[in-house]
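Visitor: Residue numbers (the working numbering): 56 to 220.
See below:
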């Protein structure tokens with residue numbers, strides 16, 4: 056985290072711009088309006104536009120493939136995180152956003168900071184993304200709560216809430 060008087064680093068500033076742009080886009084602003092309100096360059100808004108477009112396309116594919124799937128089931132490789140972070144997380148064995156949320160929710164497991172090349176800034180990116188989808192521990196994650204109470208509903212393929220017979 057930044058101290059009170061310090062300037063954010065370039066990656067931190069880029070992450071903040073992406074979060075703000077995602078919020079502004081959700082409120083209905085155009086990319087030109089977002090660029091103007093955040094004071095971004097043409098290349099910065101182009102990168103943000105590509106990242107948001109890819110994330111939305113991944114969510115659309117997920118919903119089209121299986122309408123019962125939730126944000127928990129979104130593959131790490133298709134989320135809005137930076138490409139190198141996605142690769143590190145998938146190499147560490149995380150397949151979906153639900154896997155990340157479960158890791159953060161389990162007090163018996165060490166934090167994500169213990170993974171190689173994942174520091175506080177990257178953990179902050181992960182937490183903000185999970186917060187966007189209401190998957191952080193303490194958020195209203197109904198599917199996770201049901202799976203905790205009824206383990207028979209837990210499905211490793213994460214396809215539905217129907218118990219296996």
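For each residue, glycine too, the CB sits at the ideal point set by N, CA and C.
Quick caveat: nothing in here was measured; it's all calculated off a predicted structure.
(1) Find the nearest neighbour of residue 178 within the set 61, 62, 63, 67, judged by alpha-carbon distance.
(2) Could you name the residues of the same chain whose beta carbon sits closer than 8 Å to that of residue 72, not counting the 5 residues immediately before and after it, in chain order?
(3) Roughly how many angstroms separate the alpha carbons of residue 154 and residue 165, rounded to a whole number?
(4) Is residue 115 helix, strand or coil when you go by DSSP?
(5) Do you know whose CA, among 143, 118, 101, 130, lies nearest residue 169's CA?
(6) Does residue 169 come out as helix, strand or coil in the three-state DSSP assignment?
(7) Check this for me: beta carbons of residue 159 and residue 188, under 8 Å apart or not?
(8) Specify, as a first and last residue, the run of the alpha helix (DSSP H) that residue 184 falls within.
(9) So, for residue 149: in the same chain, excluding its five sequence neighbours on each side, which residues have a beta-carbon less than 6 Å away from its beta-carbon?
(10) What is the rounded straight-line gap between the Cα of residue 128 and the Cα of residue 145?
(11) Residues in the same chain with beta-carbon distance under 7 Å from residue 173, minus the five sequence neighbours each way, listed in chain order, please.
(12) Measure from the alpha carbon of residue 80 to the alpha carbon of each residue in 62, 205, 106, 119, then state which is nearest.
Guide: So, from the listed chains and residues:
(1) 67
(2) 93, 95, 99, 103
(3) 14 Å
(4) helix
(5) 143
(6) helix
(7) no
(8) 175–187
(9) 131, 155
(10) 14 Å
(11) 143, 167
(12) 106
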